[in-house]
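Participant: First, the structure itself, so that you have it in front of you.
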Amino acid sequence: MSFKELVFSGVQPTGNLHLGNYLGAIVKFVDLQKTHDCIYCVVDLHAITVWQDPAELTKATREVTAAFIASGIDPKKHIVFNQSQVSGHAELAWIFNCVARLGWLNRMTQFKEKAGKDRENASLGLYAYPSLMAADILVYRATHVPVGEDQKQHLELARDIAQKFNNDFAATISSHGFGEAFFPQPEPLIQGPATRVMSLRDGSKKMSKSDPSDYSRINLTDDADSIAQKVRKAKTDPEPLPSEEEGLKARPEADNLVGIFAALADKSRADVLKDFGGAQFSSFKNALVDLSVTKLGPIGSEMKRLVQDHAYIDSVLTDGADRARVIADKTMNAVKDIVGFVRK
Ligand code: TYM
-10 MSFKELVFSG VQPTGNLHLG NYLGAIVKFV DLQKTHDCIY CVVDLHAITV
40 WQDPAELTKA TREVTAAFIA SGIDPKKHIV FNQSQVSGHA ELAWIFNCVA
90 RLGWLNRMTQ FKEKAGKDRE NASLGLYAYP SLMAADILVY RATHVPVGED
140 QKQHLELARD IAQKFNNDFA ATISSHGFGE AFFPQPEPLI QGPATRVMSL
190 RDGSKKMSKS DPSDYSRINL TDDADSIAQK VRKAKTDPEP LPSEEEGLKA
240 RPEADNLVGI FAALADKSRA DVLKDFGGAQ FSSFKNALVD LSVTKLGPIG
290 SEMKRLVQDH AYIDSVLTDG ADRARVIADK TMNAVKDIVG FVRK
């Protein structure tokens, strides 16, 4: 069965958005608007799998929304909303909790990382998180999901859940006129030179909101001075840059900075090395500071302006939620019929 192409992705409103979120996800969100209908969600239900200060959660939700708009997402042509305003996400997640197998969830590396040694004390929500993520995508029967590399395993689980639902309910899916499959197999879009942006302090660690060192990441709201300081302090090795990509292999920090440059300049790593092969890090870092400030500066200042305007941001979210709900409700009605729930 063929499904209408639809893009869905989500970003958690927890802490500062950083360059990894921007290059791994948001830049792709912006691009896909040209070719697809897109739904972009601020996933507040996901955020509370780890305790959040309520006032901070509200603030971060508005910040992510502002980042989307400041980066070039058009909330009128596409849909931007926060997850908790559309109840279909949580409803479908429950049904998926009954489809997904414990063994599948036990394999999720992100849960292991986030729960750490104190697994017994992690929330049930943190464990079931990938099932909610599958519901986010499939409640719109979305077909394409732009994400960073770290979400790949969750996307594979979403595909397994879709397939098992289609198999488990094959008879009623067909008798209700949905053909052979009700849910599509959502395709992860993990492309380009910055699918996994690493910490500026340690090339073996992912750039992340939870790293205690702010020098490990560039935040979208960092001013030019902070960007310059962070890039200049970024860990490197003593060798000049290589002329070929091959030469980056055993040099994680160099590879990361070249990848960041390439993504910001919309070039390949090979092209960046054509320009900078043989250069010392000091001159490469100067060019990276200039490029980062030129690209991120206007986004950061527009974000700061937009977050002040609560009325505008909240109206974007409620309008987006109203439009998302129409699609989600239609899916949920069909799912209820397929599963055998009695409804109005
Ligand atoms: P989150 O909020 O952790 O991150 C948002 C997006 O940013 C990407 N990302 C990175 N990309 C490259 N390098 C990095 N260092 C880096 N850090 C983060 C993430 O891959 C993601 O695309 N579970 C998701 C949110 C979510 C979702 C969904 C995504 C909930 N439901 C449905 C897609 C579809 C998450 O926690 O992303």
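Heads up, the sequence shown is in the working numbering, so the first residue is -10 and it goes up one at a time.
Just so you know, even glycine gets a beta-carbon here, dropped at the ideal spot from N, CA and C.
These numbers come from a predicted model, not from an experiment.
1) Quick check on DSSP: helix, strand or coil for His67?
2) Assuming contact is defined by CB atoms lying nearer than 8 Å, are Gly137 and Ile37 in contact in what I supplied?
3) What are the residues that DSSP puts in a beta bridge with Pro135?
4) I need the straight-line Cα distance from Asp211 to Val328, nearest angstrom please.
5) Taking 7 Å as the limit between beta carbons, can you name the residues of its chain near Ile126, skipping five residues before and five after?
6) Flag this pair as touching only if the stretch 217 to 227 and the stretch 19 to 34 have three or more C-beta atom pairs under 8 Å; answer yes or no.
7) Smallest Cα separation from Asp33: which of Glu52, Ile15 and Lys17?
8) List the whole-angstrom C-beta distance separating Met196 from Gly9, where the pair is believed to meet the contact cut-off of C-beta under 8 Å.
9) Indicate, with yes or no, if the ligand TYM has a heavy atom lying under 7 Å from the CB of Thr210.
10) Give me the residue from Lys101, Leu285 and Pro2 with the minimum Cα distance to Gly61.
11) Check whether the Cβ of Glu52 sits closer than 7 Å to any heavy atom of the ligand FMN, and report yes or no.
12) Quick one: is the Cβ of His35 within less than 7 Å of any heavy atom of the ligand TYM?
13) Excluding five sequence neighbours on each side, which residues of the same chain lie with their C-beta closer than 6 Å to the C-beta of Gly345?
14) Express the C-alpha separation of Leu6 and Val186 in angstroms, rounding to a whole number.
15) Taking a contact to mean a Cβ-Cβ separation below 8 Å, would you say Asn71 touches Thr98 in this structure?
16) For Lys195, which three-state DSSP category applies?
17) With respect to the alpha helix (DSSP H) encompassing Ile28, which residues constitute its N-terminal and C-terminal limits?
Facilitator: The structure says:
1) The three-state secondary structure of His67, taken from DSSP, is coil.
2) No, the Cβ-Cβ distance between Gly137 and Ile37 is not below 8 Å.
3) DSSP output for Pro135 lists Leu178 as bridge partner(s).
4) Computed Cα separation, rounded: 49 Å.
5) The residues are Phe(-3), Val134, Ala147 and Pro175.
6) Output reads no: the stretch 19 to 34 does not touch the stretch 217 to 227.
7) When each option's Cα is compared against that of Asp33, the closest is Glu52.
8) The Cβ separation is near 4 Å, so the contact holds.
9) Not one heavy atom of the ligand TYM falls within 7 Å of the beta-carbon of Thr210.
10) It is Leu285.
11) Here the bound small molecules are the ligand TYM; the ligand FMN is not part of this structure.
12) Relative to the ligand TYM, His35 has its C-beta within less than 7 Å of a heavy atom.
13) Nothing can be reported for residue 345, as the shown portion of the chain is limited to -10 through 333.
14) Put simply, the backbone Cα of Val186 is about 13 Å away from that of Leu6.
15) Contact: no.
16) In the structure shown, Lys195 falls within a strand segment according to DSSP collapsed to helix, strand and coil.
17) Taken as a continuous stretch (DSSP letters only), Ile28 belongs to no alpha helix (DSSP H), being part of the beta strand (DSSP E) at Cys27 to Val31.
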